[in-house]
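What follows is a single structure, written as structure tokens, with notes after it.
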Amino acid sequence: MNHIKIRVERADALEIPGDVLVMKYAQRGYGLDELVVRKTEEAGESIAAMLPKPGQYFYTKSRIRSGVENFLFLGVPPLQEFSYKEIREFGREALSVLAEVNPIAKTLIFTIHGANVGLDETESFESQLAGMTDAIYANDYPPQLEQIVIAELVQGRVTRLTKALNDLFPEGRIPVDRSLGLRSLSEASTEKLRTAGITSQDKKHIFIAMPFAEEFDDIFHYGIQGAVNNAGYLCERADLESFTGDVMDWVRKRIETADYVIADLTKANANVYLEVGYAWGCRIPTILLAQDSEDLKFDVRGQRCIVYKRIKDLEEKLSKELTNLR
């Protein structure tokens, strides 16, 4: 084939028909990989002891009711060490391993990585796609591969990722022309795929301090993330519930290197105030947000704060603020 189809689909990854479902194993169970291990054990086979260390993999047939025939677990570092560079390596390694263990695979199922634990959504996605193209243009992928499906349950994210995908591959196809490689793509696509995951850690970024709770998801995705990305910054935040180990070490590093910190003080979350205090100590410019000025505690009431009632208001006010700060 002269191309490989690729798309983002709103679906449960276990329900999409495919040859292999690819998952990371970050040295403990999270989400999908944890669910697959549990369901496999319920089906009468324990695979927990076989889960891979970083740099290793575990490939097995599916023993559970699902649309896929096989599972591939790739061992990666713990989540707080799994950043853009590692996501790119994950994308490349997945296709490389499958070239060996299942060379006749035609349909591969993936999910997005990094965004659910605070990394920039688009940069994470592009890093994974860049790793896949690394393998494809090195001819290190299953030779009969026809399509790659990225499964995602949240419609808003499906829409955002589909836009990012179309920006890279306008026809939903990865051209397979090893003589041209990335040169078969547009200049903009080539630059994104060349740098994603390679220079990501050095790109300008804004750290978002806000509660990592469902009620704040729309505020983050539609009120903050778009304004930050449109201003030319990566948009990151920390999910303190997802990390093990010293999560604050990761938070400190991203705050220390941030161009700005944006903090939503709504509901006066203690972790958010802790992050604001650290940013101030590092002399990082901080933009404060709140849905109500009454949410502000005495120690920040003297600071300028963007008060918003609606998400659209927040996006407009924040976009203007970031423009003025340039």
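Residue numbers (this note's numbering): 59 to 384.
The beta-carbon is built from N, C-alpha and C at its ideal position, and this holds for glycine as well.
Checklist entry - Which whole-angstrom value is the C-beta distance of Gly113 and Pro75, which I expect to be below 8 Å? => result Translated into the one-based positions of the sequence shown, residue 113 becomes position 55. Translated into the one-based positions of the sequence shown, residue 75 becomes position 17. About 30 Å; that fails the 8 Å criterion.
Checklist entry - Taking C-beta to C-beta, are Ala106 and Val94 nearer than 8 Å? => result Within the sequence shown, the letter at position 48 stands for residue 106. Within the sequence shown, the letter at position 36 stands for residue 94. Not a contact, by the Cβ cut-off of 8 Å.
Checklist entry - Taking buried to mean at least 16 other C-beta atoms within 10 Å of its own C-beta, is Ile162 buried or exposed? => result The residue you call residue 162 lines up with position 104 of the sequence shown. Per the 10 Å Cβ criterion, exposed.
Checklist entry - Per DSSP, what kind of secondary structure is Thr118 in: helix, strand or coil? => result Position 60 of the sequence shown, counted from the first residue, corresponds to residue 118. Here Thr118 sits in strand by DSSP.
Next on the checklist: Please tell me whether Thr165 and Asp77 are closer than 8 Å, where the distance is taken between their beta carbons.
Outcome noted: Reading the sequence shown from its first residue, position 107 is the one you call residue 165. Reading the sequence shown from its first residue, position 19 is the one you call residue 77. In this structure, Asp77 lies closer than 8 Å to Thr165 by Cβ.
Next on the checklist: If you measure between the beta carbons of Glu210 and Arg68, is that distance less than 8 Å?
Outcome noted: Walking along the sequence shown from the start, residue 210 turns up at place 152. Walking along the sequence shown from the start, residue 68 turns up at place 10. Contact flag set, yes.
Next on the checklist: Short of 6 Å in beta carbon distance, which residues of its chain neighbour Ala296, apart from the five on each side in sequence? Order them along the chain.
Outcome noted: Taking the first residue of the sequence shown as 1, we reach residue 296 at position 238. Cβ neighbours of Ala296 beyond the five flanking positions: Gly176 and Val309.
Item to check | Simplified DSSP assignment, three categories, for Ala390 | outcome: Only positions 59 to 384 of the chain appear in the structure, and residue 390 is not among them; the question remains open.
Next on the checklist: Less than 8 Å between C-beta atoms, sequence neighbours within five positions excluded: which residues of the same chain meet that for His330?
Outcome noted: Here the question's residue 330 lines up with position 272 in the sequence shown. Here residue 330 is Val; the residue named in the question, His, does not match the sequence. Within the same chain, Val330 has close Cβ partners Ala267, Met268, Pro269, Ala321, Asp322 and Leu323.
Item to check | Collapsed DSSP secondary structure at Thr257 in the structure displayed | outcome: Start at 1 with the first residue of the sequence shown, and residue 257 comes out as number 199. DSSP places Thr257 in coil when its eight states are reduced to three.
Item to check | Assigned exposure category for Arg368 - 16 Cβ within 10 Å defines buried | outcome: Position 310 of the sequence shown, counted from the start, is the residue given in the question as residue 368. Residue environment: Arg368 is assigned as exposed (fewer than 16 neighbouring CB atoms within 10 Å of its CB, all protein chains considered).
Next on the checklist: Does Phe183 come out as helix, strand or coil in the three-state DSSP assignment?
Outcome noted: As a working note, residue 183 is residue 125 in the sequence shown. Three-state result, Phe183: helix.
Item to check | Residue from Thr315, Cys363 and Ala326 with nearest C-alpha to Cys340 | outcome: Sequence index remark: in the sequence shown, residue 340 carries index 282 (1-based). Of Thr315, Cys363 and Ala326, the residue nearest in Cα terms is Thr315.
Next on the checklist: Please tell me whether Ser351 and Val365 are closer than 8 Å, where the distance is taken between their beta carbons.
Outcome noted: The residue given as residue 351 occupies position 293 in the sequence shown. The residue given as residue 365 occupies position 307 in the sequence shown. A contact, by the Cβ cut-off of 8 Å.
Checklist entry - Per DSSP, which one or two residues make a beta bridge with Pro25? => result The requested residue 25 does not occur in the structure, where the chain is confined to residues 59 to 384.
Checklist entry - Alpha carbon to alpha carbon, what distance is there between Ser104 and Glu333? => result Along the sequence shown, read from residue 1 onward, the residue named residue 333 stands at position 275. Along the sequence shown, read from residue 1 onward, the residue named residue 104 stands at position 46. Counting only the Cα atoms, Ser104 lies some 41 Å from Glu333.
Checklist entry - Terminal residues of the continuous alpha helix (DSSP H) containing Gly339? => result As a first step, residue 339 is located in the sequence shown; it is residue number 281 there, counting from the start. Start and end: Ala328 to Gly339.
Checklist entry - Which stretch, first to last residue, makes up the beta strand (DSSP E) that contains Ala348? => result Position 290 of the sequence shown, counted from the start, is the residue given in the question as residue 348. First-last of the beta strand (DSSP E) with Ala348: Thr344 to Ala348.
Checklist entry - What residue from Lys262, Ala188, Glu147 and Val234 has the CA that sits closest to Ala222's CA? => result For the purposes of this step, residue 222 is taken as the residue at position 164 of the sequence shown. Out of Lys262, Ala188, Glu147 and Val234, Ala188 has the C-alpha closest to the C-alpha of Ala222.
Checklist entry - Is the beta carbon of Phe227 sitting closer than 8 Å to the one on Gln186? => result Taking the first residue of the sequence shown as position 1, residue 227 is located at position 169. Taking the first residue of the sequence shown as position 1, residue 186 is located at position 128. Their beta carbons are not under 8 Å apart, which means Phe227 does not touch Gln186 by this criterion.
Next on the checklist: Distance check for Arg312 and Tyr291, CA to CA, integer angstroms please.
Outcome noted: Within the sequence shown, the letter at position 233 stands for residue 291. Within the sequence shown, the letter at position 254 stands for residue 312. Using only the alpha carbons, I get a separation of about 13 Å.
Checklist entry - Would you report the Cα separation of Ile145 and Ala173, rounded to the nearest angstrom? => result Residue numbering aside, residue 145 sits at position 87 when the sequence shown is read from its first letter. Residue numbering aside, residue 173 sits at position 115 when the sequence shown is read from its first letter. So the alpha carbons of these two residues sit roughly 11 Å apart.
Item to check | Inter-residue Cα distance where the pair is Glu179 and Cys293 | outcome: Walking along the sequence shown from the start, residue 179 turns up at place 121. Walking along the sequence shown from the start, residue 293 turns up at place 235. One C-alpha to the other measures close to 8 Å.
Next on the checklist: Taking 7 Å as the cut-off, is the beta-carbon of Thr381 closer than that to any non-hydrogen atom of the ligand SAH?
Outcome noted: No copy of the ligand SAH appears in this structure; indeed no ligand is present at all.
Next on the checklist: Am I right that Asn60 and Val207 are in contact with their C-beta atoms under 8 Å? What's the rounded C-beta distance?
Outcome noted: In the sequence shown, counting from the first residue as 1, residue 60 sits at position 2. In the sequence shown, counting from the first residue as 1, residue 207 sits at position 149. Not really, about 20 Å apart at Cβ, beyond 8 Å.
Next on the checklist: Within a Cβ cutoff of 8 Å, which residues of the same chain sit near Gln205, ignoring the five residues on either side of it in sequence?
Outcome noted: By 1-based counting over the sequence shown, the position of residue 205 is 147. Within the same chain, Gln205 has close Cβ partners Ile62, Lys63, Ile64, Arg65, Lys164, Thr165 and Leu166.
Checklist entry - Going by DSSP, what residues sit across from Val365 in a beta bridge? => result On the sequence shown, position 307 is the one that residue 365 refers to. Answer by DSSP bridge pairing, in chain order: Ala348.
Next on the checklist: Let me confirm a value: Ala337 is counted as buried when at least 16 other C-beta atoms fall within 10 Å, else exposed. Which label applies?
Outcome noted: Here residue 337 refers to the residue found at position 279 of the sequence shown. Buried: at least 16 other Cβ atoms inside 10 Å.
Item to check | Cα-Cα separation between Gly214 and Ile277, rounded to whole angstroms | outcome: Locating residue 214 in the sequence shown gives position 156, where the first residue counts as 1. Locating residue 277 in the sequence shown gives position 219, where the first residue counts as 1. Roughly 12 Å between the two C-alpha positions.
Checklist entry - What's the C-alpha gap between Ile342 and Met108? => result In the sequence shown, counting from the first residue as 1, residue 342 sits at position 284. In the sequence shown, counting from the first residue as 1, residue 108 sits at position 50. Approximately 44 Å between the Cα atoms of the pair.
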